[in-house]
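Novice:
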Amino acid sequence: MELYSLTVHQLREMLSKGEVSAVEITESVLARIERVEDRIGAFITLDRDGALAQAAGADREIARSTAGSLAGIPLALKDVACTEGLRTTAGSKILESFIPPYDATMVTKLKKAGAVILGKVSMDEFAMGSANENCAFGTPHNPWALDYVCGGSSGGSAAAVAADECIASIGSDTGGSIRQPASHCGVVGLKPTYGRVSRYGLIAYASSLDQFGPLTKDVRDCATILQEISGYDQLDSTSVNIGVPDYQAALERGVKGLKVGIPKEYFEEGIDPEVAVAVRNGIDLLKEAGAELVDISLPHTDYGVAAYYIIAPAEASSNLARYDGVRYGQRSAEAETLLEMYRKTRSEGFGTEVKRRIMIGTYALSSGYYDAYYKKALQVRTLIINDFKEAFTICDVMVSPVTPGPAWRIGEKNNDPLSVYLTDILTIPANMAGVPGLSLPCGFTSQGLPIGFQIQAAHFAEEKLLQTAYALERELGLVGRKPAGL
Ligand code: GLN
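Each residue of the sequence shown is one higher than the one before, starting from -9 at the first, in the numbering used here.
1) Just the residues with CB closer than 6 Å to a heavy atom of the ligand GLN, in chain order, which are they?
2) Should P394 and A152 be called a contact, given that it needs their Cβ atoms to be closer than 8 Å?
3) With 8 Å set as the bound, which would you pick, yes or no: does the beta-carbon of A117 sit closer than that to a beta-carbon of chain B?
4) Leaving out five residues on either side along the sequence, give the residues of the same chain with a beta carbon under 6 Å from the beta carbon of G319.
5) Rounding to the nearest angstrom, what Cα-Cα distance links R333 and E463 in this structure?
6) Considering only residues of the same chain and omitting the five flanking positions on each side of F127, which have a CB-CB separation below 6 Å?
7) Which ranges does the beta strand (DSSP E) cover as unbroken runs of at least 3 residues, wholly within the segment 410 to 463, from first to last along the chain?
8) Could you name the residues that DSSP lists as bridge partners for F127?
9) Compare the C-alpha of L192 against each of N309, E218, R399 and name the closest.
10) Give the range of the alpha helix (DSSP H) segment to which K249 is assigned.
11) DSSP three-state call for A103: helix, strand or coil?
12) Are the CB atoms of F443 and V389 nearer to each other than 8 Å?
13) Taking the straight line between their C-alpha atoms, what separation do you get for G145 and E278?
14) Look up I286 in the DSSP assignment and give the residues it is bridged to.
15) Whole angstroms are fine: how far does the CA of K102 sit from the CA of Q437?
16) Can you have a look at P133 and say buried or exposed, based on whether 16 or more other CB atoms are within 10 angstroms of its CB?
17) Identify whether R22 lies in helix, strand or coil by the three-state DSSP scheme.
18) Using the C-alpha atoms, what's the distance from D49 back to G62?
19) Let me know if S357 comes out buried or exposed under the rule of 16 or more other beta-carbons within 10 Å of its beta-carbon.
20) Bridge partners for K110 per DSSP, in chain order?
21) Does the contact criterion of 3 or more C-beta pairs under 8 Å hold for the segment 182 to 190 versus the segment 401 to 408?
22) Just how far apart, CA to CA, sit D414 and F378?
23) Does the ligand ZN have even one heavy atom less than 7 Å from the beta-carbon of S322?
24) Considering only C-alpha positions, which residue in the set R54, E27, G75, C175 is nearest to L205?
25) Under 6 Å Cβ to Cβ from A268, same chain only, skipping five residues before and after it: list those, please.
26) Can you tell me which residues form a DSSP beta bridge with T73?
27) Does the segment 101 to 116 come close enough to the segment 226 to 234 that 3 or more CB-CB pairs lie under 8 Å?
28) Quick one, which of P253, M349, A281, P419 has its alpha-carbon nearest Y298's?
29) Starting from A158, follow the beta strand (DSSP E) in both directions and report where the run begins and ends.
30) Rounded to whole angstroms, how far is the Cβ of A45 from the Cβ of V106, which I believe are closer than 8 Å?
31) Which residue from D93, A21, S6 puts its Cα closest to that of S55?
32) Please state the DSSP three-state secondary structure of Y318.
33) Return the CA-CA distance between A196 and A423, expressed in angstroms with no decimal places.
34) Verify whether the separation of the beta carbon atoms of I157 and V392 is less than 8 Å.
35) According to DSSP, is S356 helix, strand or coil?
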């Protein structure tokens, strides 16, 4: 077994027994990147020297027995997380040469735990997209089928994990951006409860929806990373000051007697038949393992996409107003007046999808249309929140597909943004309600593309997600399956 192909928990055990050094692990992962990256394209910025120096530091800590729980584990971060001294682009030309003066709290926590930061991975520009085809620095390729998309917006994070270019990674999820690429790339992805993980240093897309979360090779690793990044942070007023449970301890609880809700709206028309079969099989396995299945309803599911594509762009239009060429990143060299500088900087710096969102958002917030669009969308959001509250009075977790279909061919949907928005139908509601969601690999299409199984739980019930996912992962026996030919 090559070191790069192992999990966090396997490597931790080897490190603690002195069977391997952190430098050897990092060298193995860097060599793997060297070998496959020209076909995958997951990285925007690779910090080879920095990673090796951090690994050497981790080895010293291990020798002194002062090492944190992620000491010597090479991770890749979505390029939306600010990293002190390391370029952070958010996938945008406008931030092409932006070097943050500080670390996101999530990054500080990972560094404190001893993790080795390999570099920054690809994403849709400002996290706007579902295929990672909106990145100013190229589209990563799905490790399972190179001419297919990885999903998005955390496509680079999912691809890097699936291709063994890192041991685990961090993504962010505003409307599905961790769960959906995890599903398309056959890895585990978890979007925590809104407020569980600090957003300080997360380059904002839609602040009321954004959350950082882990993408990993198995459920145990997911629990480990979540443990390290969770918790209250004074620097994020929306982080919640409640204790962080022991997520490892939740894994072995099993599903006996657990009430597993099946939301009927998540199985209606438009679900690819192969996806439906794989998810139904997962549900059957949970039942065999002792879970109690209950039919539930989330009646406002259909309105989620429409409301989200008002609320998220509205918040984005406000958040992205800061990129004016004055304080951050690029500034147009052509401008002669101040107004021209704003205009040219933004015209040159932002890509098509980002401009589209800014226009939609500005329109929805403008005084004549505010009530008809933005206010209405917020009312719909409340209805969706109530759907979830109601459902979680009768079930512990709910299960469904992550996306209606598997990954598509790169370029296939380039001229049809609406059809791309619609693929978010099953992931958006969790963000609207703020509840946590997890994507677990549950099978493959006949073409060999991965299929994901979504588990959602009530606010701050990540333990139940992990406990369900761990039980199902064992039943499915898919861990360790790797894309062939890389
Ligand atoms: N696909 C959704 C969007 O483009 C979600 C993206 C995300 O979760 N960051 O807005």
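Here a beta-carbon is modelled for each residue, glycine too, at the ideal position from N, C-alpha and C. Because the structure is a prediction, the values reported are computed rather than measured.
Specialist: Based on what the coordinates show:
1) Chain-ordered list of matching residues: A117, M118, G119, S120, S143, D163, T164, G165, G166, S167, Y195, A302, D414.
2) Numbered from 1 along the sequence shown, position 404 holds the residue referred to as residue 394. Numbered from 1 along the sequence shown, position 162 holds the residue referred to as residue 152. Remark: C-beta atoms of P394 and A152 do not approach each other more closely than 8 Å.
3) Among the protein chains of the structure shown there is no chain B, as only one such chain exists.
4) Numbered from 1 along the sequence shown, position 329 holds the residue referred to as residue 319. Counting only Cβ-Cβ distances below 6 Å, and skipping sequence neighbours, we find I84, L85, F88.
5) As a first step, residue 333 must be located in the sequence shown, where it is residue number 343. As a first step, residue 463 must be located in the sequence shown, where it is residue number 473. In a straight line, the C-alpha of R333 is about 51 Å away from that of E463.
6) Numbered from 1 along the sequence shown, position 137 holds the residue referred to as residue 127. Exclusion of the five residues before and after F127 leaves I34 as the residues of its chain whose Cβ lies within less than 6 Å of its Cβ.
7) Within the segment 410 to 463, the complete beta strand (DSSP E) runs of at least 3 residues are 427 to 434, 440 to 447.
8) Residue mapping note: residue 127 aligns to position 137 of the sequence shown, counting from 1. Paired residue(s): none; F127 is not in a bridge.
9) Counting from 1 along the sequence shown, the entry for residue 192 is found at position 202. Measuring from the Cα of L192, the nearest candidate turns out to be N309.
10) On the sequence shown, position 259 is the one that residue 249 refers to. Element bounds for K249: not the alpha helix (DSSP H) but the beta strand (DSSP E), 249 to 253.
11) The sequence position of residue 103 within the sequence shown is 113, counting from 1. A103: coil per DSSP, three-state reduction.
12) Within the sequence shown, the letter at position 453 stands for residue 443. Within the sequence shown, the letter at position 399 stands for residue 389. A Cβ-Cβ contact shorter than 8 Å links F443 with V389.
13) On the sequence shown, position 155 is the one that residue 145 refers to. On the sequence shown, position 288 is the one that residue 278 refers to. Approximately 34 Å, taken between the alpha carbons.
14) Here residue 286 refers to the residue found at position 296 of the sequence shown. Answer is P253, bridged to I286.
15) By one-based count along the sequence shown, residue 437 stands at place 447. By one-based count along the sequence shown, residue 102 stands at place 112. Near 42 Å, if we compare the C-alpha coordinates of K102 and Q437.
16) Against the sequence shown, residue 133 aligns to sequence position 143. Per the 10 Å Cβ criterion, buried.
17) As a position in the sequence shown, residue 22 is number 32, starting the count at 1. The answer is helix: DSSP assigns R22 an H, G or I state.
18) For the purposes of this step, residue 62 is identified with residue 72 of the sequence shown, where counting begins at 1. For the purposes of this step, residue 49 is identified with residue 59 of the sequence shown, where counting begins at 1. Cα to Cα, G62 sits roughly 7 Å from D49.
19) On the sequence shown, position 367 is the one that residue 357 refers to. So S357 counts as exposed.
20) Position 120 of the sequence shown, counted from the start, is the residue given in the question as residue 110. Per DSSP, T35, L67.
21) The answer is no - the segment 401 to 408 does not touch the segment 182 to 190, with fewer than three Cβ pairs under 8 Å.
22) The residue labelled residue 414 in the question sits at position 424 within the sequence shown. The residue labelled residue 378 in the question sits at position 388 within the sequence shown. If I take the Cα positions, the gap works out to 17 Å.
23) Looking for the ligand ZN in the displayed structure turns up nothing; the ligands present are the ligand GLN.
24) For the purposes of this step, residue 205 is taken as residue 215 along the sequence shown, with counting starting at 1. Out of R54, E27, G75, C175, C175 has the C-alpha closest to the C-alpha of L205.
25) Position 278 of the sequence shown holds residue 268. Closer than 6 Å at the Cβ level, and outside the excluded window around A268, lie C432, G433, I441.
26) Position 83 of the sequence shown, counted from the first residue, corresponds to residue 73. Beta-bridge pairing links T73 to L76.
27) Using a C-beta cut-off of 8 Å, the segment 226 to 234 makes no contact with the segment 101 to 116, since fewer than three inter-stretch Cβ pairs fall below that distance.
28) For the purposes of this step, residue 298 is taken as residue 308 along the sequence shown, with counting starting at 1. Checked all of P253, M349, A281, P419; the closest Cα to Y298 is P419.
29) As a working note, residue 158 is residue 168 in the sequence shown. Run containing A158: 158 to 163, per the beta strand (DSSP E) assignment.
30) As a first step, residue 45 must be located in the sequence shown, where it is residue number 55. As a first step, residue 106 must be located in the sequence shown, where it is residue number 116. Cβ-Cβ separation between A45 and V106: approximately 5 Å, consistent with a contact (criterion under 8 Å).
31) As a first step, residue 55 must be located in the sequence shown, where it is residue number 65. Measuring from the Cα of S55, the nearest candidate turns out to be S6.
32) The count along the sequence shown starts at 1 and reaches residue 318 at position 328. In this structure, DSSP gives Y318 a state outside helix and strand, which the three-state scheme calls coil.
33) Within the sequence shown, residue 196 is the residue found at index 206, counting from 1. Within the sequence shown, residue 423 is the residue found at index 433, counting from 1. It is roughly 14 Å from the alpha-carbon of A196 to the alpha-carbon of A423.
34) Counted from its first residue, the sequence shown places residue 157 at position 167. Counted from its first residue, the sequence shown places residue 392 at position 402. Cβ atoms of I157 and V392: not closer than 8 Å.
35) The residue labelled residue 356 in the question sits at position 366 within the sequence shown. Three-state DSSP puts S356 in coil, outside helix and strand.
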